[in-house]
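What follows is a short report on a single structure.
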Amino acid sequence: AQKITQTQPGMFVQEKEAVTLDCTYDTSDPSYGLFWYKQPSSGEMIFLIYQGSYDQQNATEGRYSLNFQKARKSANLVISASQLGDSAMYFCAMREASYNTDKLIFGTGTRLQVFP
Amino acid sequence: KAGVTQTPRYLIKTRGQQVTLSCSPISGHRSVSWYQQTPGQGLQFLFEYFSETQRNKGNFPGRFSGRQFSNSRSEMNVSTLELGDSALYLCASSLTGPTEAFFGQGTRLTVV
Numbered sequence: 001a002q003k004i005t006q007t008q009p010g011m012f013v014q015e016k017e018a019v020t021l022d023c024t025y026d027t028s029d030p031s032y033g034l035f036w037y038k039q040p041s042s043g044e045m046i047f048l049i050y051q052g053s054y055d056q057q058n059a060t061e062g063r064y065s066l067n068f069q070k071a072r073k074s075a076n077l078v079i080s081a082s083q084l085g086d087s088a089m090y091f092c093a094m095r096e097a098s099y100n101t102d103k104l105i106f107g108t109g110t111r112l113q114v115f116p
Numbered sequence: 117k118a119g120v121t122q123t124p125r126y127l128i129k130t131r132g133q134q135v136t137l138s139c140s141p142i143s144g145h146r147s148v149s150w151y152q153q154t155p156g157q158g159l160q161f162l163f164e165y166f167s168e169t170q171r172n173k174g175n176f177p178g179r180f181s182g183r184q185f186s187n188s189r190s191e192m193n194v195s196t197l198e199l200g201d202s203a204l205y206l207c208a209s210s211l212t213g214p215t216e217a218f219f220g221q222g223t224r225l226t227v228v
């Protein structure tokens with residue numbers, strides 16, 4: 001079965017600094033997709049970035065980049081120039097697709113706190 | 117364009133009652149998925165609907181059911197509520213499936 005592991009329950013970072021949130025995954029499928037979502041206290045899950053298993057380049061979206069290391073099965077999220085508004089829960093997720101299912105499976109999340 | 121809208125935002129119900137939650141997806145999106153989020157179990161997939169058909173289902177008891185209408189709006193129903201059903205219920209919509217799914221703000225259900 002596929003699995004997502006986020007080992008950092010909480011992270012602190014100073015404003016304007018960069019921070020890396022760790023994510024490792026386990027799958028035997030050669031084709032898969034990895035996602036990062038941000039969940040502020042309001043509850044909404046905000047899509048940040050996507051990486052396909054066959055993508056040659058690391059995905060980037062503004063201040064977010066995904067450090068994809070396929071051999072190590074890791075997909076770490078890097079946030080550059082942190083802002084106070086980045087304080088939230090961050091979830092790594094993987095698409096699990098088979099003949100009878102197509103869904104996202106999520107890690108346990110990392111709570112990021114940005115301080116001035 | 118408008119995002120995913122979930123109503124109501126908050127609900128308090130008593131054990132044994134039933135509840136219906138609503139999700140209006142982004143215009144043009146035909147896939148709607150439902151997830152349950154609890155502190156103990158994290159985010160768990162409930163089911164997905166595409167063009168009015170349930171396409172995928174997670175490991176939840178039959179008390180959890182859903183449907184999708186022709187305009188892609190979806191409802192989720194939980195019957196015979198238990199205390200453990202207290203959770204944030206999130207709806208996600210996308211064009212075709214889980215890829216780049218966009219979530220609503222969720223409905224926070226409290227069962228007392």
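Protein chains in written order, with the numbering used here: chain A, 1 to 116; chain B, 117 to 228. Built from N, CA and C at the ideal position, the CB exists for glycine as well.
Where Gly222(B) and Met192(B) are concerned, what is the direct C-alpha to C-alpha distance, given to the nearest angstrom?
-> Counting from one through the second sequence, the residue named residue 222(B) turns up at place 106. Counting from one through the second sequence, the residue named residue 192(B) turns up at place 76. Straight through space, the alpha carbons of Met192(B) and Gly222(B) are spaced by roughly 12 Å.
With distances taken Cα to Cα, identify the nearest neighbour of Gln69(A) among Ala88(A), Glu44(A) and Leu34(A).
-> The count along the first sequence starts at 1 and reaches residue 69(A) at position 69. Considering only alpha carbons, the answer is Leu34(A).
CB contact below 8 Å: Gly22(A) versus chain B | For this step, residue 22(A) is matched to residue 22 along the first sequence. What sits at residue 22(A) in the sequence shown is Asp, not Gly. Closer than 8 Å to the CB of Asp22(A) there is not a single CB belonging to chain B.
Unbroken beta strand (DSSP E) runs of length 3 or more, entirely within the region 9–36 of chain A: which are they?
-> The DSSP assignment places 10–14, 19–21 and 24–26 as complete runs of the beta strand (DSSP E) inside the region 9–36 of chain A, in order along the chain (cut-off: 3 residues).
Straight-line gap, Ser53(A) to Glu17(A) (C-alpha atoms, nearest Å) = On the first sequence, position 53 is the one that residue 53(A) refers to. On the first sequence, position 17 is the one that residue 17(A) refers to. Cα to Cα, Ser53(A) sits roughly 29 Å from Glu17(A).
Cβ-based neighbour list, Gly107(A), same chain, cut-off 8 Å, excluding 5 preceding and 5 following | Translated into positions along the first sequence, residue 107(A) becomes position 107. Scanning its chain for C-beta atoms nearer than 8 Å, with the 5 sequence neighbours on each side dropped, one finds around Gly107(A) the residues Ile4, Thr5, Gln6, Cys23, Phe91, Cys92 and Ala93, in chain order.
Taking 8 Å as the CB-CB limit, is Ala175(B) close to chain A?
-> On the second sequence, residue 175(B) is found 59 positions in, with the first residue counted as 1. Position check: residue 175(B) holds Asn in this sequence, whereas Ala was assumed. Answer no: the Cβ-Cβ gap between Asn175(B) and chain A never drops below 8 Å.
Which of helix, strand or coil does DSSP assign to Gly178(B)?
-> As a working mapping, residue 178(B) is identified with position 62 in the second sequence. It is coil, neither helix nor strand.
Return the CA-CA distance between Ala75(A) and Gln133(B), expressed in angstroms with no decimal places.
-> For the purposes of this step, residue 75(A) is identified with residue 75 of the first sequence, where counting begins at 1. For the purposes of this step, residue 133(B) is identified with residue 17 of the second sequence, where counting begins at 1. Going by the C-alpha atoms only, they are around 42 Å apart.
If you check the beta carbons only, do Arg95(A) and Tyr25(A) fall under 8 Å apart?
-> The sequence position of residue 95(A) within the first sequence is 95, counting from 1. The sequence position of residue 25(A) within the first sequence is 25, counting from 1. It is not a contact, given that the beta carbons lie outside the stated cut-off.
For the region 130–149 of chain B against the region 78–87 of chain A, are there 3 or more C-beta pairs whose distance is under 8 Å?
-> With a cut-off of 8 Å, the region 78–87 of chain A and the region 130–149 of chain B do not count as touching, because too few Cβ pairs lie within range.
Coil, strand or helix - Gly158(B) by DSSP | Along the second sequence, one-based indexing puts residue 158(B) at 42. In the structure shown, Gly158(B) falls within a strand segment according to DSSP collapsed to helix, strand and coil.
Same chain, Cβ closer than 8 Å to Gly182(B), neighbours up to 5 away in sequence not counted | For the purposes of this step, residue 182(B) is taken as residue 66 along the second sequence, with counting starting at 1. Result list for Gly182(B): Trp150, Leu162, Phe163, Tyr165, Gln170, Ser190, Glu191, Met192 and Asn193, in chain order.
Cα separation between Asn187(B) and His145(B)?
-> Taking the second sequence and counting its residues from 1, one reaches residue 187(B) at position 71. Taking the second sequence and counting its residues from 1, one reaches residue 145(B) at position 29. Taken atom to atom, the span from the alpha-carbon of Asn187(B) to that of His145(B) is near 10 Å.
Output, in chain order, the set of chain B residues within a Cβ distance shorter than 7 Å of Thr101(A).
-> In the first sequence, residue 101(A) corresponds to position 101, counting from 1. For a Cβ distance threshold of 7 Å, residue set Asn172 of chain B lies close to Thr101(A), ordered along the chain.
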